[in-house]
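Under the working numbering, read the sequence shown as residues 285 to 504, first letter to last.
Backbone N, C-alpha and C fix where the C-beta goes; we use that ideal spot for every residue, glycine too.
These numbers were taken from a predicted model, which means no experiment stands behind them.
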Amino acid sequence: MSISKIKMMTCKECKRNFFVKVYDLIDGDKDYDLRKKFIFDELFIFKCPYCGHIHFVPYPLKYINQKKHFIVQFGSLSDVYNFYYNDKDIDTSLYIKTGATTTILAREKVVALENNLDHRIASIYRYIMAKQYEEYAKENNLPKLEDSYLCYDDDGNLAVIFDVIEDGKPNSFCQLFDQELYEEIKNDYIDCLNNTNDMIFDDKSVMKVLCANKLKRQSN
Ligand SMILES: [Zn+2]
Numbered sequence: 285m286s287i288s289k290i291k292m293m294t295c296k297e298c299k300r301n302f303f304v305k306v307y308d309l310i311d312g313d314k315d316y317d318l319r320k321k322f323i324f325d326e327l328f329i330f331k332c333p334y335c336g337h338i339h340f341v342p343y344p345l346k347y348i349n350q351k352k353h354f355i356v357q358f359g360s361l362s363d364v365y366n367f368y369y370n371d372k373d374i375d376t377s378l379y380i381k382t383g384a385t386t387t388i389l390a391r392e393k394v395v396a397l398e399n400n401l402d403h404r405i406a407s408i409y410r411y412i413m414a415k416q417y418e419e420y421a422k423e424n425n426l427p428k429l430e431d432s433y434l435c436y437d438d439d440g441n442l443a444v445i446f447d448v449i450e451d452g453k454p455n456s457f458c459q460l461f462d463q464e465l466y467e468e469i470k471n472d473y474i475d476c477l478n479n480t481n482d483m484i485f486d487d488k489s490v491m492k493v494l495c496a497n498k499l500k501r502q503s504n
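As structure tokens, then:
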């Protein structure tokens, strides 16, 4: 079951106080509404009841899926570290564990793991797709990429989402996930993952793996 608490927030706009519900733990396969809010980036949005001002306030939380046996700790570096080394609340030995210090990466990890993907390979896949888009955009005068992540399209299909700014307005489009291509990338990179730390596997980790793979190819 998800665990929540009530917290007081002060509106940045009108400076009045109001109470909000925040979660320490989200039980993803049981609380479907919370899962949806987390994945579609609505969980950290709070509306002031007095003036209507919208606040985006991410806070640390643990996301668990007991059916698929994974836990993603979202928060600061120390939140992730404490989850790995000091957390005694859950017997985590039965779970795939990872952490994320940005909401976008936390969502990508949850989406990858609920689709039975290796979350590290999924991040490498998304990174390679983003680089391909960037090159294509440059050549064809298309909008510059702001962000990219693994998520779902409007029909619920697994996809890489590309966020761009087009004519001064945020826009996004998606590229359907290609399982065959994922398997190819997995075959190419899995050997380079043996020495990586899973605690946080972000774009920096992806770049290290891409470099290691390049060196390996050059030496062969
Ligand atoms: Zn307000």
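1. Going by beta carbon distance, what residues of the same chain come within less than 6 Å of ARG404, once the five residues before and after it are set aside?
2. In the DSSP assignment, the beta strand (DSSP E) including TYR307 goes from what residue to what residue?
3. Measuring alpha carbon to alpha carbon, tell me which of ASP313, LYS331, ILE338 and PHE330 ends up nearest TYR347.
4. Can you give me the C-alpha to C-alpha distance between ASN425 and PHE461, rounded to a whole angstrom?
5. Between ALA390 and PHE367, is the Cβ-Cβ spacing less than 8 Å?
6. Assuming ARG275 contacts VAL444 (C-beta within less than 8 Å), just tell me the rounded distance between them.
7. Name the two residues that bound the continuous alpha helix (DSSP H) containing TYR316.
8. Hey, out of ASP431, ALA414, LEU309 and PHE340, whose CA is closest to ILE374's CA?
9. Any residue with its C-beta under 6 Å from a non-hydrogen atom of ligand 1 counts. Can you list them all in chain order?
10. Given that a residue counts as buried once 16 or more other Cβ atoms are within 10 Å of its Cβ, and exposed if not, what is PHE303?
11. Please confirm whether ASP315 and SER286 have their CB atoms less than 8 Å apart.
12. Using 8 Å as the cut-off, can you tell me whether the segment 330-348 makes contact with the segment 292-307, which would need three or more C-beta pairs spanning the two stretches below that distance?
13. Looking at VAL493 and LEU434, is the spacing between their C-beta atoms short of 8 Å?
14. Using a Cβ-Cβ cut-off of 8 Å (strictly less than) and excluding sequence neighbours within five positions of LEU361, which residues of its own chain qualify?
15. Measure the CB-CB distance between VAL306 and TYR365 and report whether it falls below 8 Å.
16. Spatial neighbours of LEU327 within its chain, please: C-beta separation below 6 Å, excluding the five flanking residues on both sides.
17. Would DSSP call HIS403 helix, strand or coil?
18. Using DSSP's beta-bridge definition, name the partner residues of GLN459.
19. According to DSSP, is SER288 part of a helix, a strand, or is it coil?
Reading it off the structure:
1. LEU477 and PHE485
2. 301-311
3. ASP313
4. 24 Å
5. no
6. Here the chain comprises residues numbered 285 to 504, so residue 275 is not present and cannot be evaluated.
7. 316-323
8. LEU309
9. CYS295, GLU297, CYS298, ARG300, CYS332, TYR334, CYS335 and HIS337
10. exposed
11. yes
12. yes
13. no
14. THR385 and ILE484
15. no
16. LYS321
17. helix
18. VAL444
19. strand
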